[in-house]
Structures are given as C-alpha cells and as structure tokens.
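4 protein chains.
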Amino acid sequence: MAARAAVAGASGYAGGELLRLLLSHPGIEIGALTGNSNAGQKLGALQPHLLPLADRVLAETTPGVLAGHDVVFLALPHGQSAAVAEQLGPDVLVVDMGADFRLKDAADWERFYGCAHAGTWPYGLPELPGGRAALEGSKRIAVPGCYPTAVSLALFPAYTAGIAEPEAVIVAASGTSGAGKAPKPHLLGSEVMGSMSPYGVGGVHRHTPEMIQNLSAAAGERVCVSFTPTLAPMPRGILATCSAKAADGVTGDSLRAAYEKAFADEPFVRLLPEGQWPATASVYGSNAVQVQVAYDEAADRIIAISAIDNLTKGTAGGAVQSMNIALGLDETTGLSTIGVAP
Amino acid sequence: MAARAAVAGASGYAGGELLRLLLSHPGIEIGALTGNSNAGQKLGALQPHLLPLADRVLAETTPGVLAGHDVVFLALPHGQSAAVAEQLGPDVLVVDMGADFRLKDAADWERFYGCAHAGTWPYGLPELPGGRAALEGSKRIAVPGCYPTAVSLALFPAYTAGIAEPEAVIVAASGTSGAGKAPKPHLLGSEVMGSMSPYGVGGVHRHTPEMIQNLSAAAGERVCVSFTPTLAPMPRGILATCSAKAADGVTGDSLRAAYEKAFADEPFVRLLPEGQWPATASVYGSNAVQVQVAYDEAADRIIAISAIDNLTKGTAGGAVQSMNIALGLDETTGLSTIGVAP
Amino acid sequence: MAARAAVAGASGYAGGELLRLLLSHPGIEIGALTGNSNAGQKLGALQPHLLPLADRVLAETTPGVLAGHDVVFLALPHGQSAAVAEQLGPDVLVVDMGADFRLKDAADWERFYGCAHAGTWPYGLPELPGGRAALEGSKRIAVPGCYPTAVSLALFPAYTAGIAEPEAVIVAASGTSGAGKAPKPHLLGSEVMGSMSPYGVGGVHRHTPEMIQNLSAAAGERVCVSFTPTLAPMPRGILATCSAKAADGVTGDSLRAAYEKAFADEPFVRLLPEGQWPATASVYGSNAVQVQVAYDEAADRIIAISAIDNLTKGTAGGAVQSMNIALGLDETTGLSTIGVAP
Amino acid sequence: MAARAAVAGASGYAGGELLRLLLSHPGIEIGALTGNSNAGQKLGALQPHLLPLADRVLAETTPGVLAGHDVVFLALPHGQSAAVAEQLGPDVLVVDMGADFRLKDAADWERFYGCAHAGTWPYGLPELPGGRAALEGSKRIAVPGCYPTAVSLALFPAYTAGIAEPEAVIVAASGTSGAGKAPKPHLLGSEVMGSMSPYGVGGVHRHTPEMIQNLSAAAGERVCVSFTPTLAPMPRGILATCSAKAADGVTGDSLRAAYEKAFADEPFVRLLPEGQWPATASVYGSNAVQVQVAYDEAADRIIAISAIDNLTKGTAGGAVQSMNIALGLDETTGLSTIGVAP
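Protein chains in written order, with the numbering used here: chain W, 34 to 375; chain A, 34 to 375; chain D, 34 to 375; chain U, 34 to 375.
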C-alpha cells in the first residue's frame, strides 16, 4: 500500500521537482500540497510542466492540512522547518529539504545562518560512509545542500582513502534554479544568459560548513575548505571542480582505485571511464552523479570533478532516495540514472 | 512477455531519445543497437546520459544484426529506410522515424526530397481523425516530422470543425536538436546561442507537404500552407504559431468548443485554461502537447499555438505511442506528460 | 561644441543602452542621470558594463535636475513622459523612448494603454517614407516601439510598392531585455532559458496599433495586422517574420526590386544577398537592420523577415539616429552597423 | 596617416573580432583579408555581423597577398605562424594571435604542442611588470592566450607583492568561441547549451606553461599552477577563479592595497568596489578586465577572480592594444571599456 505524502512548499523549484519524481514513484500517493503566498491557486498555473496535477489547488501550510500523511516533505525557506516539524508526530516521516537540520555544530549554524540552531537530523547522503545506516528506519531526514552533495561525493573517497591533504579548494558552477524562484534582478534571464559570475566568495557561502562537516568525517581530521560558487547560464546542474594536494606516494592508479572502490556498489554514482569527463547535461533531470578524477603530477594535486542535477540528486532526488531507505523501500524506487539530453 | 526492439541509428539525437524512453518502457526489451560511422564504439561515449546502456557496443546496421527482433526502429538519414525495411520480414513491426514513408503523393516526395518515392506507411499521429484505427495491428509505421506534429495538432481541430479558411500561415521555432548531431558551422553553440534565424523560407521546407497532407485531410479540401521555420537558441522544443482566417460566424466560444471537443479524450494533448499559453519548457522531455487558441477579432483570424518537445512527442515519443497502439498495448505505456522544468 | 544630454531612467535597459551609445558619440556630453527607486546609487552597481560612468550617482527625476540640458532622453514607464516633458522648455530636444507620443489616434491609445492620450510627436523611424523630413529640426521625438521598428521596416516597402494585400500576419521573437529589468517570476533565467512562449496573443499587444499606423500610411489604405509576439531565450534581438498575400502579378524579381529600391540609400538597413537570411546575432549591439524577402509561389505570399537588436535600433540606437537628424548632425554619428558576434 | 593592416585568417572567430575592432580604429586601414578553405568567398557570408566588409573577398594566405602592409595579423592554427612570418620583412609589424611565439622554454613548447619551437616574441600583455617596455617599437608581438590573460591579470599583483604562496589553483570557465569555429560534435549548440563540462584536466591544457611563465616572472620564483578549464554555455567570456595560500601576515586590507597599486593606472583593468564581483556579461565585447579579490581567513587563501571577453581582451583586443604600443599610438586607440549588456 502506497504511503501518503504531503509537500509543504509545492510552488517552488524544489517542491516542483519533488512532485515530478513522486508522480512516477510507485510507493507514494501524493496528498496535500501547500504554498504560502500561492495558497488558493491551481498548481497548473505555477508548475505548468506537471500536467497530472494541474487542477490541484494549493492549501496553506497548517498542521491540519499536513496531518494524516505518512511522509511530509518540507520545501520551505531556511529557518521555517523546525516550527512545522514540531507539530508533526514522531511517527510521521519528515523530510526537510531546507538547511535547518543539516549542521551538527550549533556555532557554525548560528554564524552562517544568523538564528538559533534547531537541531540535527540524520543526514540524507547515503553514499557517505555510514550514510545508509543512519537513515534506515529514521523518522527525520535532513536533505543535504546541493553543493555539499556534489562536493562531498567528489572528494570523500580521497579522504576516506587517506590520499588527500586536508585542504580542499573547490570551485563550483550552478544553474540558476539553485537560487530559487523568488524574482530578483540579478536572476533575470537578461542578466544570467551569457554570463558567468561568482558569489559568496571568501568562505562566506552557507554550504561551506556542511562540506567541512562531511569531508572531515571522511578524513578523520578537520578538512579546511576554500569554496567559490559561480552562477552559470543554465537552468539546472552543478559542476564541482575540487582539488587537494596529494598525500605522499599517490599515483594515478592508486587514486583511481580509491574511487573505484568507493563507488563500486553505488546505484547512482558513475565513475566515468578514463578520459571521459562529467557534463551537467548528461545528468539533466536524473538522480545520477558523474565523477571523474585525475592526478596532476606537476602540481601534485588530486582533481576530482562531479556533475549532478542540483534539483534532482542535489535536492528532490536525494530526498526521495533517503526516504526510500527510511521507509524500507528499494533505494532506487522512483528514481532514474537516465538524463534528458541533449 | 516484453517485445524485443532494435534501434538502427542509436548514436543520433532521435535514437538517443528513443532509447531514453524505451529504458523505462515495461513492455520493451532493448536489443541490437546500430550506428554506421560509430559502429564499434560504446554507447557511453556517444550518449553519456544513458547510463544503463553505457557499456553497450554499437553494431553495424546489417540485416543479420536487426534480425530476431519484434520491433525495429529506424532512425536513419532520409532515403535509407526503404532498403533496410525491405530486408525485415512482414511480421516485424518496423517504425520509421525518417521521412521516407510519410507522404502519399509521390510527386510531392520527389519534388521535396529529390529521389524516388518508397511508398506510404500508416501515419503515426494517433490524435488525427482516424489516426488510431490506421495504426492498430499495423506492421509498418511512418513517424511524422516534428514540425508537422506540432502544426497538425494545433490546427486540425479548426479544420475538422470547418471554422478556418484553407490558407494557414505558420511560423515555428525549433530547438537545435531538430537539426541533428552532424556538426555544421551554423549549428555551433557559438553561433546559435543568442540568435534567432529563419531557414527554408518561402515554401521550400520539406515538412510543408506533410502539413498540407494532414490539414487537407482534416478540412476535406486542399489547405494551402505558408510555413516559416526558425532556429531558436535552445536544445529542444518546438513552438508553432499557426493562424488562418476565421470562417463566417466564428466566435471565441465556438473556437474554444471545437478544440475542447477535439482533445477531450486525448491523453497527451492539453488544451490550456484560457489565458495560459504554451511554453516549450513545460513539455521538456515529455510526450505532452500544450495547445491554446484565441480568436483575434480585429484581424478576423484564428490563432492556434502548440508546444511540443521535438525529440519526444515530435519524434521518439510519437514513435513509442504509435508502437504501443500497433502492439495492442495501452497507448500511454512508457510515456509521460510530465516535463522536466525549470 | 557638444550638446549636453540628460537621461531620465538611466538604471533600466533602455537607459543603459542609450548611455552605452552616447559614451561613444562625439557630439554629446553626458549630463544628469536620473532614476527613481535607484536615486542615490552609483551607476557602477546598476550598469556594471558602463565602466566610464561607474562613479556617477543617479539623481531623482526632477525638473531641476533635468534643466540646463540641450537634449533630454526619457526612458520612463509608459504614461510618465508627458508630465516630465511639460516641464522642459520648447527649446530643449526631448526624446521619449516610451510609448506616450507614438500613436496618432487617441482612441487607439486609450484602448491599448488605458489612460488619457498625451498627444503625438514626430515619429522616430527615419527610414519610413517622409520619416526624415518629420524629424529635421524637431524639438520632440517619439521613439518607436521595438517590434514596430522591426515589422515596419520589413513590410513597408511591399506596401509602398503596392504589391502586398492589406492583411499582414506577423510572428516575432524577442529577447528578454524587451520585457525590462523589473523582476518578475516568468522572466527569471530559470524560466526563460530553454523556453519559447507566446504572449499578448490575439491582437492585444500594445505595439499592434503602432504597426497598423505605420503600414497603413505606407499602403495608403488601412492594413489589418495579426501580431503574435514570442519570448525567446536570448537577452537581445528581435526576429520578425512577416507575410501578406501578394498582389496580382507579383514575382520574386519584382518583390526584390521593391526592396532594393526602398533600402538603396539607407545607412542602417541591409537587404541581404539572395539566399542569406537575417540572424539576430549578426546585429547584436548594432544599429543595423538585416532584411530578406521571398515570394512563396505555392502560398502566393510575400515573406519578409527582419532582424534588429531590440535595445539598439529598436530603442536607444533609433533614438540616437533620430536625435542626430533633429540636431542637424550626420545621421550615423555615434552609431555602428557592426554587430558583436559570435 | 593610417597604417595598413592585413589579416591572415579572417574567417575565424579571432579574425572576425579583430576586424570588428579595426573597423573602428582611426589609425588603421584594413588591407588584405585571407582565409584558406574560405578563399574566394565574400566576408558577408562568413562574418555577417561585419556589414561594412560584406563585399570583401577573402584571398589565399600567400606572401604576395600579405606584402605591402604596415601590420600583419596572423590568426592561424597553432604552428603555422612561423612559416608565414618568415616571409614578411623585418620592418613589418607582425602580430601573432596564435601560440607559436609565446613560450620562452623550448622544452615546454615541445611537450605541450608536439612540434619544434619557433622562437619567442615580445609578449603582448602590457599590464604585466615590464610589459609595455617590451612592446614599444617592437616589430613582432606574441598575443597571449585567452586563459593566461585572465589568470595572469588576476594573480600577478599578489605575486609581485609577495603575498601569495607559489602554488596557484585555477578553475576557469570559458565561452564556446574559445574553441574556435571548426565544427565538432561536442561544440554543437545542442550539446553546449545547458551544460558545464571540464576538459584538459590534470595539467595538460596548453595554456598552463604560459601561466606558469607569467606568474613565475612576477613572483621571482617558480609558481606551480593547477589549472582546470571548463566549457560554459555562452558564446564569449572567461571567468577565472584563482587562489593561492596567503603568505604570512596577509590581511584583507594588505591584499586589496596590493591590487589597488597594481591597477591604479591601468586603462583597461577595473578593480571593482568591495562587495561587487566580476561578471562576464559586463565585459562582453569590451577590452576591459574586471577583477575582485578576497581573503578567505578560514582557509587562509587569497581568492582573485577576473572576467574578460575571451575574444576581445583575451585575443583581438589584446592584439590591438599591443599593436598600439608598438606603433607609438595611444594604447587605448580603437578600444573600449564599455561592454554590451544585458
């Protein structure tokens, strides 16, 4: 029997992508859909690509509306999830697609988000060491940020294998949907088409402590992260170019072996054949992660590059994958490794 | 038991899109994959978005390779399908995604394609009047062109209802994948990004006689078509803006009623609510067709606009839809009306 | 001695493009720059591409600020120009880049704009018959709309020559800058990239009466216009695909002769060699207009297609060109026919 | 009196951009234009944006055609410049836009380019320490690569000031025109739109030794460079994100002071106000360089980011700037710091 799922925040990009996936998920029946400023509107006007739900009307995000579901997804602005989650019983699976419960360190949270720390939930990145165990049977899931998903998957094998120095330099390009649907001048099509630009430079992007948390756990020591995000002229996709000094004795072969081992049984991560590099277009609309690594001998650095769809594996697909584990379903249910290209 | 399907021309855009759909089709098992200049290569290098098929090797397009399948899809350059089809037995379902068997009029074929007419097969646009009946149990299917799919669906209800004069003016914008994967200077990203340009102007585009054939059949008289295609800076999608003088007495209400009637039971065509207009992004990767109509009273013209994904409903999705009918499967099997957006 | 020019509305796209051109204009000294909600900000934060003006601070749009200039450009929202213009003396050249003074028919104005008609100023499209004479020595100029510029230039030669029937069908694609810089959800990069969509369908777009006014004047009789604008995934450019039934006896040769005659001495209009078609990329950032025509014999229609940059020839370049004439300067001063491509 | 300039390789992107600039250059008269496979064709068919040159016919690249010019620009494939340059007299200013004469180290050249080293010419990046002196009166100029231009300008002030450790990590995104006009499948619009992908990863990109050469000269010691280029979905532009460990005692203030000093008198380099970051759209079609720096205290790294137009400052604009110096003209003649945006 299908589990009944509600989606709070169904009018945004994360909510829309989640609904796209849930519509094809055999174990889920879509229940209440809510949206604050858009409550009362039909979904067909807000998410015109979701034809089967075109006549569904958005409700307000209230405890009453969200009651009576097996799973509640929260696609709300940062800082709003805790209040809603409190009102949902301990038996409901709550999947938070916001940042509220990702960080373990309250001081980090307060420094980067500027409000009180709500707590820490099991972290929804199954591919990390111990990742699946943390999610099995859980009733609370913190879905990772899109950049931390791409970066952690690109680099953790090097840290787990102990072959990278604990100072990572990361430059990532993201499609504009990562910035959300609220209209701002710098996100206008006229501004972003034909333009690459950085933002949040110098260690101030909120996803930085999350990367540090994941990579430090893999390394068994604190990993320092220099992270520069850039906005790319495309709707979706993250390309994360990550590097770190190689530990003594690393070779191209030992590097590749570490990655082959890390991803050998992963249903969604594809270590590409040597010589082929990730492209965001190849994972468009898919839950797949493409990874490739190289050892730059002259610079003595490991270069690890990953491509994901920021809305799928980076948000809604990752949420569904973790939900599947929590519900005891096959982890790949309702998810695909097939991109829409060209 | 699943039908076994071969795909001749698996390295191109039409072949790739077909494989994307067949991978999710519960009634199809993917058999031989062929490609001429790419024979011997792994599909992972040519279609990196199709991860589950990454290690499949392309064979040459020979009768032996294509033998032993229930369905054979031909995604070959125009003029090459007939020779291949002849070597496949009458019990094999052959679905031609090229132009070879679309036109009924041999003179039209010869004028527009410059070679001998190979014949006419049942036409794979189920939504047209009599369209499904022609496909049921058929062993040969001619998949329509992408522009004729968009244009015929936008205009046939007006002609069937007798409310449009038989002179249609059509301007359509297509994504670049419609021009194929063979590299040509004018299709370089540097050239097409930021640019709109027409081509095949003045009645010379090969899809013109196909539109005339479809609309004339709906109208019961010869419909004259002025068709101007334009190349738009996007990978996928067709937006067809079609108009014709209104017959005497047409009103906005009678126009809308004609379209509501035509599409009432269509699983893939969505007549949008009044005031909402089609967008190619909404049908990205989906088999859906979005249609809207308006009556321009001052100009006394009917304006009908459709949006499709040229590779899905316009090519590979249309092929699967017609195959489903021919095989006696549910028409929507393996197809979706959900787009990938934003 | 250079004329001193003020720009009211310097923070928007039209104002920014105007400043880009004026910076290279040898006869103009840039004076006051104003912006309402942005008053007090440096231009470098609002128009980061205009480095030489980066430290200029925007003033409020008041009579005092605008006083003491030889030329005042108004790049204001529709309906706001008249009030500002009234306060400028009769000896100041006022160039309105808004719609307020374009239409001659007050009823048309009120129907399409919903407010009282402010009047009619000399119309800034020098290439139209009598266009230059109307501008020479004028102290008031109404800059045409971007679509009417592209459409009128594509079609007036056919109407002047009496070779087209008075019912024109126009489908035009515009880059997103035509929709302005005010942030709206449907203009987000995430929404527009990869998408073509129509708007203002059915004769309701405000540029329709302006096209009718221009083409009717050329034809010497009322020309009926069916106009469908579409939004294209590019920042700039308009491609206007225009057609009309041919008058009796028209041939490809007589059609071409009419266009050659109309544009023989035009410095900014290029009738392309036969077989070459306009592309918006070729006029990017330039004041040039590319035009091509064809006679579709089967449909008996004239097809005329033009490409312009909507911000240059379609707005700010057209404004400068008309200003040059009004000031008695060489018409091409400060303007270029060279596009930025690829 | 204007100098007469020939352009060998006028049909490609570098040649086209050079002609765009030379057309507005008051000190240059455009002489012979050559192109190999395109010899005999009109430029209007190959570079449709250069209307004033539309009727010019391309000649073959022969000594006779190039004779009799004051300046000869070579926009030829790598490895072809030396043979042509030899046939031009010592009094002709030869500006090589290819790579042939950039590197000082013959072994580096041979390792990265796989052929014999032709020599080393004065290097056309005036902003580097000693850059202008090397060009004054020179009759030979090696125009820098596009990536080395962006990277060297972003990082040399830190090395000159001795505030960065000699290990730089660089990730740069380039528009597709950097890959040239020769049609290849992975450069098709269908492939590049919506996609970010890396290439030449692991220290193998040919521009790496050029960066090392420039940065090492600034640092006075060998600088190690890890360089990862990525292809971005835009026609033009490079965004270079560069970083290095800070030397002991660096602060945000001392970092900024170093950059202010380095660029204080540079006509084309703009160190943006604090808090504003470069965007490629802001330098579209311009010779300007936008630079911004930040000190990431937690990671103890200097982050320096630059944006250029790869075809303008990165190629043809840089060539004109260096030519101006060599000819004794004002360095900014014919060049602009104004971008075409949005």
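Glycine included, each C-beta is placed from N, C-alpha and C at the ideal position.
Looking at the secondary structure, which residues open and close the beta strand (DSSP E) in which residue i lies?
{"i": "Phe260(A)", "result": "257-264"}
{"i": "Asp129(U)", "result": "126-129"}
{"i": "Leu304(A)", "result": "302-304"}
{"i": "Leu107(W)", "result": "104-107"}
{"i": "Gly77(U)", "result": "Not the beta strand (DSSP E): Gly77(U) falls in the alpha helix (DSSP H), residues 76-79."}
{"i": "Arg37(W)", "result": "36-41"}
Whose C-beta lies closer than 7 angstroms to the C-beta of residue i among residues of the same chain, with five residues either side of it excluded?
{"i": "Gly347(U)", "result": "Cys179, Thr182, Ala183, Ile271, Ile341"}
{"i": "Leu220(A)", "result": "Thr209, Ala212"}
{"i": "Gln246(W)", "result": "Leu136, Lys137"}
{"i": "Asp286(D)", "result": "none"}
From what residue to what residue does the alpha helix (DSSP H) around residue i run?
{"i": "Asp88(A)", "result": "Unbroken run through Asp88(A): none, as it is neither H nor E."}
{"i": "Pro96(U)", "result": "96-99"}
{"i": "Arg53(D)", "result": "46-55"}
{"i": "Ala183(W)", "result": "179-193"}
{"i": "Pro199(D)", "result": "No alpha helix (DSSP H) holds Pro199(D); the beta strand (DSSP E) holding it covers 197-207."}
{"i": "Gly222(A)", "result": "222-225"}
{"i": "Ala115(D)", "result": "114-119"}
{"i": "Arg173(D)", "result": "Run containing Arg173(D): none in the alpha helix (DSSP H); it sits in the beta strand (DSSP E), 173-175."}
{"i": "Thr67(W)", "result": "Unbroken run through Thr67(W) is the beta strand (DSSP E), 61-67; no alpha helix (DSSP H)."}
{"i": "Asn247(W)", "result": "241-252"}
{"i": "Tyr146(U)", "result": "139-146"}
Going along chain E in order, which residues have a C-beta closer than 7 angstroms to the C-beta of residue i?
{"i": "Ile371(W)", "result": "Annotation note: the requested chain E is absent from the structure, which comprises protein chains W, A, D and U."}
Does any residue of chain U have a CB that is nearer than 8 angstroms to the CB of residue i?
{"i": "Pro377(D)", "result": "Examination of residue 377(D) is not possible in this model, given that chain D is present from 34 through 375 alone."}
{"i": "Gly318(D)", "result": "yes"}
{"i": "Lys214(A)", "result": "yes"}
Going by beta carbon distance, what residues of the same chain come within less than 8 angstroms of residue i, once the five residues before and after it are set aside?
{"i": "Ile336(W)", "result": "Thr274, Cys275, Ser276, Val326, Ala327, Tyr328, Asp329"}
{"i": "Glu224(U)", "result": "Pro218"}
{"i": "Asn71(A)", "result": "Ser44, Leu79, Leu91"}
{"i": "Pro123(U)", "result": "Lys172"}
{"i": "Ala167(U)", "result": "Pro155, Tyr156"}
Quick one: residues in its chain with C-beta nearer than 6 angstroms to the C-beta of residue i, no 5 flanking neighbours on either side, listed in chain order?
{"i": "Arg239(D)", "result": "Phe145"}
{"i": "Lys214(D)", "result": "Gly45, Tyr46"}
{"i": "Pro375(W)", "result": "none"}
{"i": "Arg37(D)", "result": "Glu62, Gly64, His102, Asp103"}
{"i": "Val202(A)", "result": "Ser259, Ser276"}
Please report whether the beta-carbon of residue i lies at a distance below 8 angstroms from any beta-carbon of chain D.
{"i": "Arg303(U)", "result": "yes"}
{"i": "Leu158(W)", "result": "no"}
{"i": "Thr263(A)", "result": "yes"}
Checking contacts by CB at 8 angstroms: is residue i closer than that to chain A?
{"i": "Glu330(D)", "result": "yes"}
{"i": "Ser210(U)", "result": "yes"}
{"i": "Ile341(D)", "result": "no"}
Counting contacts by CB-CB distance shorter than 8 angstroms, is residue i in contact with chain W?
{"i": "Ala78(A)", "result": "yes"}
{"i": "Trp142(U)", "result": "no"}
Entirely enclosed beta strand (DSSP E) segments - the region 326-367 of chain D, minimum 3 residues: Uninterrupted beta strand (DSSP E) stretches at least 3 residues long and entirely within the region 326-367 of chain D occur at 334-341, given in chain order.
Runs of beta strand (DSSP E) wholly within the region 264-318 of chain W (minimum 3 residues, chain order): If one requires a minimum length of 3 residues, the beta strand (DSSP E) runs lying completely within the region 264-318 of chain W are 271-279, 302-304, in chain order.
Given 8 angstroms, three or more beta-carbon pairs between the region 193-208 of chain D and the region 297-308 of chain A: Segment contact: the region 193-208 of chain D against the region 297-308 of chain A, fewer than three CB-CB distances shorter than 8 angstroms; contact not assigned.
Contact between the region 59-67 of chain W and the region 99-110 of chain W (3+ Cβ pairs under 8 angstroms): Result yes; three or more Cβ-Cβ pairs closer than 8 angstroms.
Cβ pair count under 8 angstroms reaching 3, the region 47-62 of chain W against the region 348-368 of chain W: Yes: the two stretches touch, three or more of their Cβ pairs being nearer than 8 angstroms.
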